[in-house]
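Chain order of the listed sequences is A and B. Note that this note's numbering has the first sequence beginning at 712, numbered continuously upward. Note that this note's numbering has the second sequence beginning at 461, numbered continuously upward. Yeah, the Cβ is synthetic: ideal placement off N, Cα and C, and Gly gets one too. Right, one structure below, let's go through it.
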Amino acid sequence: MGERFVAAARLLPDYLGQHVLLSAAALGLGFLISLPLVVVASRNARIRWPVLGFASIVQTVPSLALLALFYPLLLAISTLWQHLFGYGFSALGFLPSLLALTLYSMLPILRNGVTGLTNLDPAVIEAARGVGMTNRQRLLRIELPLAAPVLMAGVRTAAVWVIGGATLSTPVGQTSLGNYIFSGLQVEDWVSVLFGCLAAVALALIADQLLGLIEIGVATRRPKVAWMGLGVLLAGVGAAGVGSLAAAGEAAYIVGAKNFAEQYILSAVMADRIRTEGSAATARVDLGSVIAFRALASNGIDAYVDYSGTVWTTIMNRRDSLPRQQMLQEMTTRLRKDHGVVLLGALGFENAYALAMRRERAEQLGIRTIADLSQHAPQLRIGGDFEFFARSEWQALRDRYDLRFREQRQFQPTFLYKAVASKEVDVISAASSDGRIRAYDLVVLEDPEQVIPPYDAIVLLSPARAADPVLRKALQPLVGAVPIDLMRQANYMVDRDSGRISPSQAAHWLEDQLHLK
Amino acid sequence: MRVHHALVEANSIHCRPDPHRSVHRMIAFEGVSKSFDEGRDFAVRDVSFSVASRAFVALVGDSGSGKTTLLKMINRLIEPDQGTVKVAGESVQAMAGYSLRRKIGYVFQGIGLFPHMSVGENIGITPLLLGWPQADIDARTGELIDLVELPRSYLARMPSELSGGQRQRVGVARALAARPSIMLMDEPFGALDPVTRDTLGSEYRRLHDNMGLTTVMVTHDVMEAVLLGDRIIVVRQGEIVADGEPHELFNAHHPDAGVRALMDMPRRQAERVRILMQERTARG
């Protein structure tokens, strides 16, 4: 408990700093875009309803979906940009998070601003015209100052929403306090989850209070109070910037990771290897499966571990299956040609999608292979991770073995194993390198028709780092060096229920076993 | 210098319109019409009249008669559909609405003091918009707070700290700040209690005379019009139905029955007061 708390606290300057910077940028941008819209919309009823309507619709989109949608949009724009101007930009991380949260912040500012400006005392407006103010003078001297308290209340609401929403930017590759929550959820580190929640809540409360100070200062016409609130707020943002810069150091290399224990461990091992070669490295974790590859292809990250079957089906869109070596060879060529990505080599173990059942249940029904499963499927329930049922492997399995289950449910990988162990579901999509298969006494069903392609763990390098000597020197020793049993053990150390250790501790253990230190 | 100016103003007390000094037509309406529903109904229909410099004209009529529309066309808060409104011989369209309004004082029932500005800032707003130096603005607001008979300490107060009558005193001071020669007043004292209303009305009449102003005041209260105005214009359904000095409208044989009915009320009130006064004298 204490140890994990310390581990979480050590990450705080980086996570909090980036969270603050992202939230402040989104709120600031949202305010700057909203203010002219507020003025135009309050003076013209025909524009008012479309503007407020659009903002309301944006608000009803779940914030995670909004973040997710900005990624492909930016990717398309970046690709176009690349074609037109010869250079692209990262569609991952800060930019999509900033844009989504900016949109998200606009509704309360727009709504309060328009309410504030349209509900002013008509006599005051008539007097402003009567004394000879121009439209601009009326706006700046009378309308905005009088509507400012209501507008500021909207900014406060927006700030709380943005700070909460920013925790969801982790899956699109932006570091935030959400990293505590997403990683903690993956490896069942509730200290980390709680730490992230409390930090986000505290941040929202503090920001709300400081903005409240500005609001009071504006409402009661005490400029000193307003300036004090603004000053402390800006000082906080500045400190966050310095903090996150200091934490980031000059990370020369960024190693990516998807959102499960094995990926956390391997990214930590790779970052350690780069540091051993004398360069700074940092890990960017919790990337979505395809997002990780896109990030690599656009040089957003420098290296990560993927699985041959995943790349084969989701990136290369192949439906056929080739023998292992042939597949790796073809993949090496195609990735290089189509994406400029280098396949450095396979680590030496496989982490395949597999179907698993409790041993007792499988024996009771006499199921050994997926083919045996088809006749029992209508009485059984299957659980999968969030990707599984959308993947072509599942479609291929379902069609080839004619699988029609009674019920189909989705779980976080963490809860997936618990769900099958507690008999909530009968069959799950499991990863063959997962330590929990043995721990929960599950059996992996055979795939007699070899529908599922090989899933060798492979190291991929970004186009920009294709020939980077440091990176190659650091990562080459891992190729062919990681056996399945060691990987399973390391995974289990992070995933098990009691006596769990952190991914970086597991990485150190693995490095010891591999004599890499 | 300013003290001297104020003394000159004070010396001209009770000075009624001076034909030798006046621009004959300070304000002129020439065939002016206005409709708010694209010509189905007219708020103002083909109205022509003029107001001499230094005159105090009361526009009287029921609500919806068009009197406020007429008033607001003078400072372009409302634009006419047809015809021309002239101020000092020039069409009001010749200059931007806001610069026209900086030259014309405007006081209305809603008062509309700016709640986030002090009394002093409210009074000094038009001079500020005109770019006066701050020292001149301060001197002028001091003069004006004296003129409307409020203590100087009130300059630092906020409008919310004032009574209704005090607020309208500030409203009048604000309208006078940039030394306009024309004052437009739309039911200026309509929301005040009768005593305050009477006091403010007669005080304003004195200011009007002292400063040589030209005033057009809209009111639905005939008594107020009779007591303050040199000339009364009766408006009904967008047209002028009577126009004359108060004593002319009291003529029992006025051709318009509406005007006769309108003037009957002050006549009856005055009659009743006269009888009461006689009784008091007889008993005393």
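- M1068(A) carries a strand assignment under DSSP once its states are collapsed to helix, strand and coil.
- DSSP links K1048(A) through a beta bridge to no other residue.
- Taken through DSSP and simplified to helix, strand or coil, F568(B) comes out as strand.
- Annotation for S1140(A): no alpha helix (DSSP H) segment contains it, though the beta strand (DSSP E) segment containing it runs 1138-1142.
- Here the alpha carbon of S1144(A) sits roughly 8 Å from the alpha carbon of F1060(A).
- Assigned with DSSP and collapsed to three states, D1017(A) falls in strand.
- About 4 Å separates the beta carbon of P819(A) from that of G865(A), a gap short enough to meet the 8 Å contact definition.
- Sorting M1038(A), L810(A), G949(A) by C-alpha distance to the C-alpha of I1169(A) places M1038(A) at the top.
- Flagged as an interface residue toward chain B: M844(A), by a C-beta distance shorter than 8 Å.
- For F574(B), the nearest beta carbon of chain A is closer than 8 Å to its own beta carbon.
- Looking only at G1191(A), P1124(A), L828(A), the smallest Cα-Cα distance to R849(A) is reached by L828(A).
- With at least 16 other beta carbons inside 10 angstroms of its own, L921(A) counts as buried.
- In this model, I692(B) and P593(B) are separated by some 40 Å (Cα to Cα).
- By the neighbour-count criterion, in which a residue is buried when 16 or more other Cβ atoms sit within 10 angstroms of its Cβ, H730(A) is buried.
- The distance from the Cβ of L888(A) to that of G907(A) is about 5 Å, consistent with a contact at the 8 Å cut-off.
- Interface annotation for the stretch 548-580 of chain B against chain A: A556, G557, Y558, S559, L560, R561, R562, K563, I564, G565, Y566, V567, F568, Q569, G570, I571, G572, L573, F574, P575, H576, M577, criterion Cβ-Cβ distance under 9 Å.
- Exclusion of the five residues before and after I597(B) leaves G584, P587, L588 as the residues of its chain whose Cβ lies within less than 8 Å of its Cβ.
- Taking CB atoms only, R754(A) has no neighbour in chain B less than 8 Å away.
- Interface criterion met: the Cβ of I585(B) is under 8 Å from a Cβ in chain A.
- Boundaries of the alpha helix (DSSP H) harbouring M683(B): 682-688, taken from the DSSP string.
- R634(B) belongs to the set of residues whose beta carbon lies under 8 Å from a beta carbon in chain A.
- When only Cα atoms are considered, M1204(A) and S1213(A) end up about 8 Å apart.
- Close partners of L531(B) in chain A (Cβ separation under 8 Å) are lacking, with about 11 Å as the shortest Cβ gap.
- Under the Cβ criterion (8 Å, minimum of three pairs), the stretch 1019-1036 of chain A does not count as touching the stretch 1179-1191 of chain A.
- In this structure, the straight-line span from the alpha carbon of G602(B) to that of V825(A) is close to 38 Å.
- Residue-level contact by beta carbon holds for E837(A) and chain B, with a gap shorter than 8 Å.
- With 16 or more other Cβ atoms from the protein chains shown falling within 10 Å of its own Cβ, S578(B) counts as buried.
- Distance from the CA atom of G999(A) to the CA atom of S1085(A), rounded to whole angstroms, is 31 Å.
- Under the Cβ criterion of 8 Å, L589(B) is counted among the residues facing chain A.
- Look at T829(A) here: in three-state DSSP terms it is helix.
- Around the CB of Y798(A), fewer than 16 other CB atoms lie within 10 Å, so the residue is classed as exposed.
- Here V567(B) has G631, V632, A635, M645, P648 as same chain residues with Cβ atoms under 6 Å from its own Cβ, once five neighbours each way along the sequence are excluded.
- Take I892(A), set aside five residues on each side of it, and the residues of its chain with a beta-carbon closer than 7 Å to its own are T878, V904, G907, C908, in chain order.
- L1153(A) is positioned such that its CB atom lies closer than 8 Å to that of V1131(A).
- In terms of beta-carbon proximity, L537(B) lines the interface with chain A, with at least one pair separated by less than 8 Å.
- Chain B places a beta carbon closer than 8 Å to that of I853(A), counting this residue as a contact.
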